[in-house]
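A short worksheet on the structure shown next.
Number of protein chains: 2
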Amino acid sequence: MSTALVLASASPARLAVLRAAGIDPAVRVSDVDEDAVVAALPADTPPAAVVVELARAKAEAVASTLPAGDCVVVGCDSMLLIDGALQGKPGSAAEARKRWAAMAGRTGELLTGHCVLRLRAGELIAEAAEHSGTTVAFGSPTPEQLETYLATGEPLQVAGAFTLDGMGGWFVDRIEGDPSSVIGIGLPLLRRLLAEVGVDVTRLWSTEASS
Amino acid sequence: MSTALVLASASPARLAVLRAAGIDPAVRVSDVDEDAVVAALPADTPPAAVVVELARAKAEAVASTLPAGDCVVVGCDSMLLIDGALQGKPGSAAEARKRWAAMAGRTGELLTGHCVLRLRAGELIAEAAEHSGTTVAFGSPTPEQLETYLATGEPLQVAGAFTLDGMGGWFVDRIEGDPSSVIGIGLPLLRRLLAEVGVDVTRLWSTEASS
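Set out below in C-alpha cells:
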C-alpha cells in the first residue's frame with residue numbers, strides 16, 4: 002500500500018502546484034489559531050523559525066485528526082519579510098494598497114516553512130521541518146494598474162499582498178530562490194524533507210501524471 | 002473595441018501562465034521553420050538575439066495570416082544556454098537523459114525572447130522585442146528519480162529538458178530572474194513591451210479574471 006500525502010492547507014495555489022508536479026494530495030485544513038501560535042513563541046524568534054513553527058502547528062493539528070493509517074502530512078506557512086516585519090494576508094484593499102506603496106520597486110524576502118510528519122498506523126515515526134527564503138523584487142505598477150489589481154481582489158487574501166502565479170506575476174520583476182516556495186509550497190525543499198523521513202517524492206506521483 | 006492579444010505559440014504552459022495572469026488570448030500557431038530562421042542569422046549572433054529573432058519570425062508569420070483588425074501579436078521562443086550551447090527540446094528520452102547528466106547540480110541560463118507586434122486595421126503600427134535571461138540551478142535527482150521523470154515524457158518536449166511548473170519543479174533548486182520567463186512567457190518583460198507599443202497590460206485582463 003502506498004503512502005498518501007496529506008496537504009494541511011486550504012490554499013488553492015499550493016494544491017495547484019502539487020497537482021501540476023504530479024501529486025494529488027488529500028486536503029485537510031487545520032483550525033490552528035495562528036496568532037496564538039505566534040504569541041506563544043519567544044519574542045526574539047527569528048522570522049524563518051516563525052513560519053516553520055506555524056507549519057508544524059498546522060501539520061500536527063491535522064495529523065491528530067486523521068484515522069490511523071500510513072501517510073505523510075505536510076504543513077505550510079508563508080509570509081513576506083519586508084522592512085524587518087513579517088507580513089501575512091492584507092485582508093482589505095486599503096491595507097493591500099498601503100503594502101504596495103511600501104513594496105513597489107523594492108525587494109522583500111518570502112519565507113515559506115514546511116513541516117513533514119510521517120505517520121505509520123497512525124503513529125508518528127519521523128518528522129522533518131525547514132524553511133526556504135526567496136528574495137522577491139517587486140515592480141512598480143502605475144497607480145491605475147495598482148487600482149485595477151486591487152479591484153481583482155487577488156492580493157487581499159495572499160501572504161505579502163501578491164501572487165507569482167496569478168495577476169501579481171506582472172508586477173514581480175525577478176526573484177532569487179525557489180519560485181514554488183513563493184507560491185507557498187517549495188518543491189525542492191519538500192523533496193528534501195520527504196527524503197529525510199524516508200519517502201522518495203517520485204513514489205508519490207500519481208499514475209495519471211506519470212503516464 | 003478593445004485590443005485582443007494573439008499568442009503565437011502552441012505551448013500549453015505559456016497559455017496557462019497568461020490565463021492565470023488574467024488574459025485569455027487567441028492562440029494562433031505559426032509554421033515557422035525554426036532551423037531555417039537560425040541558419041539565416043549570422044553565425045556569431047548572440048544567443049539572446051537568437052531567441053528574439055525566433056520570437057519575431059513566429060509573431061510576423063502569425064500576423065501575416067490574421068484578418069484585418071486591432072490586435073497585439075506576441076511571439077515567444079525559449080532555449081536553455083548551457084556550456085555555451087543553446088538547447089531546445091530534447092525530443093527523446095535518450096537525449097533528455099544525456100542533457101540531465103550534464104545539467105544536474107549545475108546552472109544554465111534560460112533565455113526567453115518576445116516580440117510584440119501591434120496591428121491596427123491589419124497594419125503594423127508598432128513593435129517591440131527583447132529577451133529575458135534567468136539563471137536556473139538544477140538539483141541532482143537520483144538515477145531512479147531521473148528515470149521516473151523521463152518515463153513521464155514531460156522533459157522530452159520542453160526547451161532545456163525541464164519544466165518549472167510541472168514535475169521538473171522538484172529538480173530545480175533555485176533561479177535568479179523571472180520565473181514566468183522560464184515557463185516561456187515573461188510577464189514583467191511582456192508588460193514592458195506592451196507599454197512600449199502603447200498598450201496597458203491591465204486593459205487586456207478579462208472581465209472574468211478581474212471580477
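If you read the protein sequences in the order shown, they are chains V and U. For the first sequence, the numbering used here gives the first residue as 2, with consecutive numbering after it. For the second sequence, the numbering used here gives the first residue as 2, with consecutive numbering after it. Glycine included, C-beta positions come from ideal geometry on N, C-alpha and C. No experiment lies behind these values; they were computed from the predicted model shown.
Helix, strand or coil, according to DSSP, for residue i in the structure here?
i                 : result
ALA95 of chain V  : helix
PHE139 of chain U : strand
SER182 of chain U : helix
ALA102 of chain V : helix
THR108 of chain V : strand
LEU42 of chain V  : coil
GLY76 of chain U  : strand
ARG193 of chain U : helix
THR113 of chain U : strand
SER212 of chain U : Here SER212 of chain U scores only 36 on pLDDT, less than 50, and its place in the model should not be relied on; the value that follows carries that caveat. In this structure, SER212 of chain U counts as coil in the three-state DSSP scheme.
GLU201 of chain U : It is Asp, not Glu, that sits at residue 201 of chain U in the sequence shown. Reduced to three states, the DSSP call for ASP201 of chain U is coil.
Cutting at 7 Å between CB atoms, please list the residues of its own chain near residue i, excluding the five before and the five after it.
i                 : result
LEU87 of chain U  : PRO48, VAL51 and MET80
VAL183 of chain V : LEU111, THR135, VAL137, LEU165 and ILE176
LEU19 of chain V  : LEU8, PRO26 and ILE186
SER212 of chain U : No answer about SER212 of chain U holds up, because its pLDDT of 36 lies below 50 and its placement is not dependable.
GLU35 of chain U  : LEU55
Taking only beta-carbon positions, decide if residue i is within less than 8 Å of chain V.
i                 : result
TRP171 of chain U : yes
MET168 of chain U : yes
GLY140 of chain U : yes
THR66 of chain U  : no
SER181 of chain U : yes
ALA210 of chain U : The predicted position of ALA210 of chain U is uncertain, since its pLDDT is 43 and thus under 50; a value taken from the coordinates is nonetheless stated next. Yes, ALA210 of chain U counts as interfacial toward chain V.
LEU82 of chain U  : no
THR149 of chain U : yes
GLU197 of chain U : no
LEU165 of chain U : yes
What's the C-alpha gap between residue i and residue j?
i                 : j                 : result
VAL63 of chain U  : ARG29 of chain U  : 6 Å
GLN158 of chain V : GLY170 of chain V : 15 Å
VAL73 of chain V  : ARG119 of chain V : 4 Å
ARG204 of chain U : ARG121 of chain V : 53 Å
LEU16 of chain V  : LEU147 of chain U : 24 Å
ALA95 of chain U  : LEU191 of chain U : 35 Å
LEU151 of chain V : ARG98 of chain V  : 7 Å
ALA44 of chain U  : ALA56 of chain U  : 18 Å
GLU197 of chain U : LEU42 of chain V  : 50 Å
GLY167 of chain U : PRO142 of chain U : 15 Å
THR46 of chain V  : ALA14 of chain U  : 40 Å
LEU6 of chain U   : PHE172 of chain V : 19 Å
ALA160 of chain U : GLY85 of chain U  : 15 Å
PRO156 of chain U : SER207 of chain V : 17 Å
VAL200 of chain V : ILE83 of chain U  : 31 Å
VAL202 of chain V : LEU195 of chain V : 7 Å
So, does the CB of residue i fall closer than 8 Å to a CB anywhere in chain U?
i                 : result
ILE176 of chain V : yes
LEU194 of chain V : no
ASP201 of chain V : yes
SER10 of chain V  : no
GLY23 of chain V  : yes
TRP206 of chain V : yes
PRO189 of chain V : yes
GLN158 of chain V : no
GLN146 of chain V : yes
LEU16 of chain V  : no
Can you give me the Cβ contacts of residue i inside the same chain, cut-off strictly under 6 Å, excluding the 5 residues immediately before and after it?
i                 : result
ARG100 of chain U : PRO91 and ALA162
ASP174 of chain V : ALA138 and GLY140
SER10 of chain V  : CYS77
ALA40 of chain V  : none
SER133 of chain U : THR113, ASP179, SER182, GLY187 and LEU190
VAL226 of chain V : With chain V represented from 2 up to 212, any question about residue 226 of chain V goes unanswered, as that position is not in the structure.
ASP71 of chain V  : THR4 and ARG121
GLU209 of chain V : At GLU209 of chain V, the pLDDT of 48 sits below 50, so the modelled position is not reliable; the number obtained from the coordinates is stated separately. None.
ARG193 of chain U : none
GLY89 of chain U  : MET80 and ALA160
Quick one: is residue i buried, meaning 16 or more other Cβ sit within 10 Å of its Cβ, or exposed?
i                 : result
ILE126 of chain U : exposed
THR149 of chain V : buried
LEU188 of chain U : buried
GLU124 of chain V : exposed
GLU145 of chain U : exposed
SER93 of chain V  : exposed
ALA130 of chain U : buried
GLY106 of chain V : exposed
MET2 of chain U   : With a pLDDT of only 43 at MET2 of chain U, under the threshold of 50, the placement of this residue in the model should not be trusted, and no figure is reported.
ALA22 of chain V  : buried
ALA69 of chain V  : exposed
GLY109 of chain U : buried
SER12 of chain V  : buried
For residue i, collect the residues of the same chain with a Cβ closer than 8 Å to its Cβ; drop the 5 residues on either side in sequence, then sort them by chain order.
i                : result
LYS59 of chain V : ALA9, SER10, SER31, VAL33, GLY76, CYS77, ASP78 and CYS116
LEU67 of chain V : VAL7, ARG29, VAL74, LEU120 and GLY123
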